[in-house]
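Worksheet for the structure shown next.
Numbering (this note's numbering), first residue to last: 11 to 454.
Shown next, in the form of structure tokens:
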């Protein structure tokens with residue numbers, strides 16, 4: 011079997027790694043991939059030049075390389091209709107259609123969808139005019155949440171602690187065009203208190219397979235402070251998602267989405283991610299929907315997955331998803347190492363040292379997933395007639411996710427930190443408190 015994974019991040023490295031472990035898989039192509047996917051057994055990076063939401067290069071590659079299954083990692087190609095294009099060409103591809111992907115592609119669509127189908131979420135208003143937006147903020151007070159309506163790579167969300175911060179966010183998005191078209195419209199939401207959790211499922215249009223629960227850490231700095239990022243680390247499972255909370259999420263959030271999409275004539279297929287706030291009463295509220303596997307949640311979740319990801323996707327494509335998968339009982343935790351300046355700026359070309367040697371026979375419980383990494387070109391020193399092999403360098407943004415399995419979340423945190431401490435590149439930044447909510451619980 012030949013598989014094509016679309017994307018270049020840590021999520022895609024984890025997906026490719028999981029797929030390559032399956033004995034039925036011959037080749038896993040990753041487009042465009044990163045330095046980590048290039049080094050994985052049975053994996054190969056490919057460059058497919060599609061622009062402006064046009065997916066002909068992907069279609070042509072699949073047809074010329076006997077691709078049996080396409081797994082789409084990031085949100086952008088899903089929003090622009092890569093699943094629709096693959097289906098039209100008779101190619102099996104896992105993910106939601108462009109219509110369903112609006113749940114992530116437009117905050118306004120998602121909010122209106124939730125209101126129509128009684129899915130619990132925060133109160134909100136949408137704006138395209140800065141003056142009206144600021145007047146609404148003055149009326150509501152702070153803290154308050156400002157979101158760019160479109161895709162902004164996980165960074166178009168500002169949790170404003172003060173009115174002044176909220177006004178500045180409006181200026182950035184609506185006046186200064188900081189997020190481009192994604193910020194030409196903003197959604198202003200009520201600030202919700204509680205503990206966050208990521209609830210990710212596989213959906214085949216009718217059947218729902220909940221993945222292991224997880225918790226992402228969006229803020230850049232320790233203690234959940236600083237600007238929002240694409241995610242600085244995650245762990246699985248999330249103790250805040252008790253069985254009671256799990257049942258509420260399935261009944262009040264996930265099943266209504268599946269039912270509503272079916273009723274609209276657009277069955278939801280692929281990964282469905284509900285970013286949740288769980289309040290003190292154990293009631294879930296949707297902060298956001300994503301139309302794909304989360305990053306960095308994918309890394310610890312797939313470290314725990316014992317079922318075959320390839321088999322699960324194949325069953326999903328056939329409309330035969332099981333209701334359960336097999337999981338390692340041990341928790342897993344991933345720590346993101348980000349480039350200098352992230353999330354405001356992004357350094358590239360910094361040499362990475364201290365990476366563990368990749369051994370396909372290694373059974374240790376620590377795995378380094380690559381995200382923003384690349385290779386230098388081979389160089390030749392004419393004076394000494396020696397060749398210098400390629401080095402792994404940063405390629406911006408989130409660079410690595412050091413992920414560990416252990417008997418406790420604290421043990422996984424310590425194991426991941428030990429490996430993280432040995433890895434170095436200029437300006438490397440990471441949080442040392444990933445998992446702190448769970449570790450503070452007596453039962454963790």
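Glycine is no exception: its CB is placed at the ideal position from the N, C-alpha and C atoms.
Rounded to a whole number of angstroms, what is the C-alpha to C-alpha distance between residue 223 and residue 299? 15 Å
Best match in 376, 382, 17 and 104 for proximity to residue 424 [C-alpha to C-alpha]: 376
Short of 7 Å in beta carbon distance, which residues of its chain neighbour residue 46, apart from the five on each side in sequence? Order them along the chain. 23, 379, 380 and 383
Any beta-carbon of chain C closer than 8 Å to the one on residue 426? In summary, chain C is missing from the structure at hand, where a single protein chain is found.
What residue range does the beta strand (DSSP E) around residue 52 cover? No beta strand (DSSP E) holds residue 52; DSSP gives it neither H nor E.
Please classify residue 413 as buried or exposed, where buried requires at least 16 other C-beta atoms within 10 Å of its C-beta. So residue 413 ends up on the buried side.
Status (buried if at least 16 other CB within 10 Å, exposed otherwise) for residue 141: exposed
Assign residue 329 to buried or exposed, taking buried as 16 or more other Cβ atoms, counted over all protein chains shown, within 10 Å of its Cβ. exposed
Can you tell me whether residue 450 is buried or exposed? The criterion is at least 16 other CB atoms within 10 Å of its CB, across all chains shown. exposed
State the DSSP-derived secondary structure class of residue 269, mapped to helix, strand or coil. helix
Rounded straight-line distance, which links the Cα of residue 80 to that of residue 121: 30 Å
Alpha carbon to alpha carbon, how far is residue 92 from residue 65? Give it in angstroms, no decimals. 6 Å
Touch test, the region 34-45 against the region 99-116, Cβ-Cβ under 8 Å, three pairs minimum: no
Delimiting residues of the alpha helix (DSSP H) encompassing residue 363: Counting along the chain, residue 363 falls outside any alpha helix (DSSP H), and DSSP gives it neither H nor E.
To which residues of the same chain is residue 229 closer than 6 Å at the C-beta, ignoring the five residues directly before and after it? 235 and 236
Looking at C-alpha atoms only, which residue of 151, 402 and 241 is the closest neighbour of residue 344? 241
Reference residue 363, options 118, 401 and 294, closest by Cα: For residue 363, the nearest C-alpha among the options comes from 401.
Would you check if the region 282-299 and the region 195-210 touch, i.e. whether three or more CB-CB distances between them fall below 8 Å? These segments touch.
Just checking my contact of residue 261 with residue 306 at CB under 8 Å: how many whole Å lie between their CB atoms? No, residue 261 and residue 306 are not in contact; Cβ-Cβ is about 28 Å, not under 8 Å.
Assuming residue 180 and residue 144 are in contact, meaning their beta carbons sit under 8 Å apart, how far apart are those beta carbons, in whole angstroms? Rounded to whole angstroms, the Cβ separation of residue 180 and residue 144 is 6 Å, and the two are in contact under 8 Å.
From 177, 334, 337 and 99, pick the residue whose C-alpha is nearest to that of residue 155; which is it? 177
Identify whether residue 322 lies in helix, strand or coil by the three-state DSSP scheme. helix
State the DSSP-derived secondary structure class of residue 183, mapped to helix, strand or coil. helix
Using beta-carbon positions only, say whether residue 214 and residue 331 come within less than 8 Å of one another. yes
Where residue 408 falls, given that 16 or more other Cβ within 10 Å makes a residue buried: buried
Simplified DSSP state of residue 408, which is helix, strand or coil: When secondary structure is reduced to three states using DSSP, residue 408 falls in the strand class.
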